[in-house]
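See below for the structure under consideration.
Residue numbers (the numbering used here), protein chains in the order written: chain A, 1 to 228; chain R, 1001 to 1456.
Next comes the structure, spelled out in structure tokens:
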């Protein structure tokens, strides 16, 4: 995260490859389910044995005896509707919820987050010199109206995208944050309104940032959790 | 530090059974079981029961008559390498394989026979002269040999190759599956499933596609060549000497504009990371030093500063020209569409779809709605009598907004959307709603003081 601060995001998870190296983020939506982005994975039926999700720690490389860290192997991957670029990861066992590991809410189906709603992105990605590379960083963003966003991006957005307002200073997601949450505050609860997707410049000044709009896929998310 | 298990090949979840075998198991550790088998001359293998820690020493191997491999999740079968390898180590005097023809295809004479050729080699348990198998009882430099059944030809070499020559490696040997178990300096390799003398991350169950069997040289991390951890506590890992194939092996069909799977076949010209950081040239060592030299990775096409995946990472990547960012993925390169071509279309959400498409967007055949396997449907014809859930046709009984779907015949994919697209001109009305009353339960709350307390 560029231009953020060290913070607490108990639903943000770190996805690790077989060498234990962080490569993407994700969000815990149920004790045994994480949402992330398709680009982080090789295929919709990838063999993810040896891949893990780490939760409960603020550190990118926690010590071996970090009492808060939960490392849970990934059991399977399920790809979302083709245009969504979302994936759901089923964990081998449920995460244990505690003050450091919490579920993020899912938005109601088809819900539009009101303009100016306060949101956060979180991740262990690059800070490009704006923070501590070993700590989870969080940055605040605000939702932008889709029509205005379309104008600002000269039409390069879909209805299934969600925009946040541009800032004059560089604040935004960067390498390693992909798949992580755009969490927005509604009625005192943090809701997964967007997923950080790749192919965006890190924290571009004066340009809206784009995310996958999760509310369009909530029916799919619930169906996967119910049927799998 | 050497484990006695190094002398054995392990077959997981397998038990060797034979009518002539009585099931006598002694309860000892697996290493002790291996040690006992190594010291007993007649012992060729052992079944190990992980549940009861039962050790059953065997005079037989899977190549012995009237034996059978049986799947049993509680057991592993360990067989002495000398009986299992089809290549030789050194002069091959330890070879106990079952080849019984010479290199010019003459059948071998049984060792206990003296005709057509009389000889002085008497079979014993120690010299392993059994049946008419090729052996090297006199340490011949030419390797295992035998007397032939042809009266005019007394003996011939069997032409069994040394393990380092028996199987060559292409590219960097990532797909090498041969039997070399010593490093180029002659050190014995450590078994991949052991964590001593060297602790390491390459546990075989984490890398099912890397064939990390026993203590054979492998290349799970895209090093220059196959390697192994050694049994010498002072030497963590070393390369192995393995013959290079003259041809570069089967090359991947390459892609340029998009990438498939992990993008190891991507040969396009993208040269920035997802967020626009410029890539460092592969033939440069600044600002980041690295071992991916183009000349050492011939098959990986490490040209210019293009995004590539020479090490089986998640996607094409590169070292960047930014000093504080060593490497990053090029996730902006599009994935090649892996969906199959669609054959039909639907209106709305496809809840009225009555067509006969019966495969998913990935090409997997649909399961019949009335069947109970491989998936046990929670949606079936009697629950939705108004929807014609016929055969295995794609339908949308639950009005899924993403279109018709089906349960699939692939046990790993419970359900998926079908190879059908919305009909042209069928523009869905804007569906974004703005509900007034939203209630969330048991989610999205955090202790805002938690981090502040820690920072203090």
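Backbone N, C-alpha and C fix where the C-beta goes; we use that ideal spot for every residue, glycine too.
Going straight from the alpha carbon of residue 1311(R) to that of residue 1205(R), what length do you get?
As a working note, residue 1311(R) is residue 311 in the second chain. As a working note, residue 1205(R) is residue 205 in the second chain. So the alpha carbons of these two residues sit roughly 19 Å apart.
Counting C-beta neighbours from all protein chains within 10 Å, is the total for residue 1440(R) 16 or more, i.e. buried, or is it exposed?
For the purposes of this step, residue 1440(R) is taken as the residue at position 440 of the second chain. When all chains shown are included, residue 1440(R) counts as buried.
Could you tell me which chain A residues have their CB closer than 7 Å to the CB of residue 1402(R), listed as they occur along the chain?
In the second chain, counting from the first residue as 1, residue 1402(R) sits at position 402. Within 7 Å Cβ-Cβ: 81, 220.
Opposite residue 190(A) in the DSSP bridges: which residues?
Numbered from its first residue, the first chain carries residue 190(A) at position 190. Its beta-bridge partners are 185(A).
Taking only the alpha-carbon atoms, compute the straight-line gap between residue 1010(R) and residue 1193(R) and give it to the nearest angstrom.
Indexing the second chain from 1 puts residue 1010(R) at position 10. Indexing the second chain from 1 puts residue 1193(R) at position 193. So the two alpha carbons sit approximately 10 Å from each other.
Tell me the rounded alpha-carbon separation between residue 1159(R) and residue 1222(R).
Within the second chain, numbered from 1, the residue matching residue 1159(R) stands at position 159. Within the second chain, numbered from 1, the residue matching residue 1222(R) stands at position 222. Roughly 32 Å separates the two Cα atoms.
Within 10 Å of its beta-carbon, does residue 1423(R) have 16 or more other beta-carbons around it, so buried, or fewer, so exposed?
As a first step, residue 1423(R) is located in the second chain; it is residue number 423 there, counting from the start. Flag for residue 1423(R) reads exposed.
What residues in the stretch 1279-1309 of chain R bring their beta carbon closer than 7 Å to a beta carbon of chain A?
If the cut-off is 7 Å between Cβ atoms, the stretch 1279-1309 of chain R has nothing near chain A.
Please name the residues in the stretch 1172-1196 of chain R whose beta-carbon is closer than 9 Å to at least one beta-carbon of chain A, in chain order.
Of all residues in the stretch 1172-1196 of chain R, none has a Cβ within less than 9 Å of some Cβ in chain A.
Please list, in chain order, all residues of the same chain as residue 1351(R) whose beta carbon is under 6 Å from its beta carbon, the five residues on each side excluded.
Position 351 of the second chain holds residue 1351(R). If we look at residue 1351(R) and ignore the five residues flanking it on each side, its Cβ neighbours are 1396, 1399.
Just to confirm the assignment: which complete beta strand (DSSP E) runs, minimum length 3, are found wholly within the stretch 55-133 of chain A?
List check, beta strand (DSSP E) in window: 70-79, 86-91, 118-123.
Measure from the alpha carbon of residue 227(A) to the alpha carbon of each residue in 1415(R), 1038(R), 1050(R), then state which is nearest.
Here residue 227(A) refers to the residue found at position 227 when the first chain is read from its first residue. Ranking the options by Cα distance to residue 227(A), first place goes to 1415(R).
For residue 1150(R) and residue 1126(R), what's the separation of their Cα atoms in angstroms?
Translated into the one-based positions of the second chain, residue 1150(R) becomes position 150. Translated into the one-based positions of the second chain, residue 1126(R) becomes position 126. Going by the C-alpha atoms only, they are around 27 Å apart.
Along chain A, in chain order, which residues have C-beta atoms closer than 7 Å to that of residue 1207(R)?
By 1-based counting over the second chain, the position of residue 1207(R) is 207. Within chain A, the residues near residue 1207(R) are 18, 50.
Using the C-alpha atoms, what's the distance from residue 1212(R) back to residue 1240(R)?
Position 240 of the second chain, counting from 1, holds the residue named residue 1240(R). Position 212 of the second chain, counting from 1, holds the residue named residue 1212(R). Whole-angstrom Cα-Cα distance: 15 Å.
Between which two residues does the beta strand (DSSP E) carrying residue 1076(R) extend?
In the second chain, counting from the first residue as 1, residue 1076(R) sits at position 76. 1075-1080 is the span of the beta strand (DSSP E), which, as asked, contains residue 1076(R).
Should residue 22(A) be flagged as near chain R, meaning a C-beta pair shorter than 9 Å?
Residue 22(A) sits at position 22 when you count from the first residue of the first chain. Output row for residue 22(A): interface = no.
Between which residues of its own chain and residue 14(A) is the CB-CB distance below 6 Å, once the five residues before and five after are set aside?
Here residue 14(A) corresponds to residue number 14 of the first chain, with the count starting at 1. The answer, listed in chain order, is 22, 54, 124.
Determine, using beta-carbon pairs with one atom in the stretch 134-142 of chain A and one in the stretch 57-67 of chain A, whether at least three such pairs fall under 8 Å.
With the cut-off at 8 Å, the stretch 134-142 of chain A and the stretch 57-67 of chain A touch.
Tell me whether residue 1327(R) sits in a helix, a strand or coil according to DSSP, three-state version.
Taking the first residue of the second chain as 1, we reach residue 1327(R) at position 327. Note: residue 1327(R) maps to strand in three-state DSSP.
Is there a Cβ from chain R that is less than 9 Å from the Cβ of residue 105(A)?
Along the first chain, read from residue 1 onward, the residue named residue 105(A) stands at position 105. Yes - at least one Cβ of chain R is within 9 Å of the one on residue 105(A).
Any Cβ of chain R within less than 9 Å of the Cβ of residue 116(A)?
Taking the first chain and counting its residues from 1, the one referred to as residue 116(A) is at position 116. Judged by the 9 Å Cβ criterion, residue 116(A) is not in contact with chain R.
Residue 1069(R) and residue 1017(R) - do their beta-carbons sit closer together than 9 Å?
Counting from one through the second chain, the residue named residue 1017(R) turns up at place 17. Counting from one through the second chain, the residue named residue 1069(R) turns up at place 69. Yes, they are a contact pair.
How far does the alpha helix (DSSP H) with residue 221(A) in it reach, from first residue to last?
Against the first chain, residue 221(A) aligns to sequence position 221. Start and end: 218-227.
Should residue 1331(R) be flagged as near chain A, meaning a C-beta pair shorter than 9 Å?
Position 331 of the second chain, counted from the start, is the residue given in the question as residue 1331(R). Judged by the 9 Å Cβ criterion, residue 1331(R) is in contact with chain A.
Using a Cβ-Cβ distance cut-off of 9 Å, determine whether residue 41(A) contacts chain R.
For the purposes of this step, residue 41(A) is taken as the residue at position 41 of the first chain. Yes, its Cβ sits closer than 9 Å to a Cβ of chain R.
Does any C-beta atom of chain A lie closer than 9 Å to the C-beta of residue 1153(R)?
Taking the first residue of the second chain as 1, we reach residue 1153(R) at position 153. So, not an interface residue.
Quick check on residue 1206(R): does DSSP put it in helix, strand or coil?
Taking the second chain and counting its residues from 1, the one referred to as residue 1206(R) is at position 206. If DSSP states are grouped into helix, strand and coil, residue 1206(R) belongs with the helices.
Tell me the DSSP secondary structure of residue 1216(R) in three-state form.
Counting from 1 along the second chain, the entry for residue 1216(R) is found at position 216. Of the three classes helix, strand and coil, the one that applies to residue 1216(R) here is coil, per DSSP.
Would residue 71(A) count as contacting chain R if we go by Cβ distances under 9 Å?
Sequence index remark: in the first chain, residue 71(A) carries index 71 (1-based). For residue 71(A), the answer is no, since every Cβ of chain R falls outside 9 Å of its Cβ.
In this structure, does DSSP put residue 1169(R) in helix, strand or coil?
As a position in the second chain, residue 1169(R) is number 169, starting the count at 1. Correct three-state label for residue 1169(R): strand.
Please report the distance separating the alpha-carbon of residue 1138(R) from that of residue 1098(R).
The residue labelled residue 1138(R) in the question sits at position 138 within the second chain. The residue labelled residue 1098(R) in the question sits at position 98 within the second chain. If I take the Cα positions, the gap works out to 18 Å.
Between residue 228(A) and chain R, is any beta-carbon pair separated by less than 9 Å?
Locating residue 228(A) in the first chain gives position 228, where the first residue counts as 1. Interface residue, yes.
Should residue 1075(R) be flagged as near chain A, meaning a C-beta pair shorter than 9 Å?
Here residue 1075(R) refers to the residue found at position 75 of the second chain. So, not an interface residue.
Return helix, strand or coil for residue 51(A), following the three-state DSSP convention.
Position 51 of the first chain, counted from the first residue, corresponds to residue 51(A). In this structure, residue 51(A) counts as coil in the three-state DSSP scheme.
Look at residue 1331(R) and residue 40(A) and say whether their C-beta atoms are less than 9 Å apart.
As a first step, residue 1331(R) must be located in the second chain, where it is residue number 331. As a first step, residue 40(A) must be located in the first chain, where it is residue number 40. Result yes, Cβ atoms of residue 1331(R) and residue 40(A) sit closer than 9 Å.
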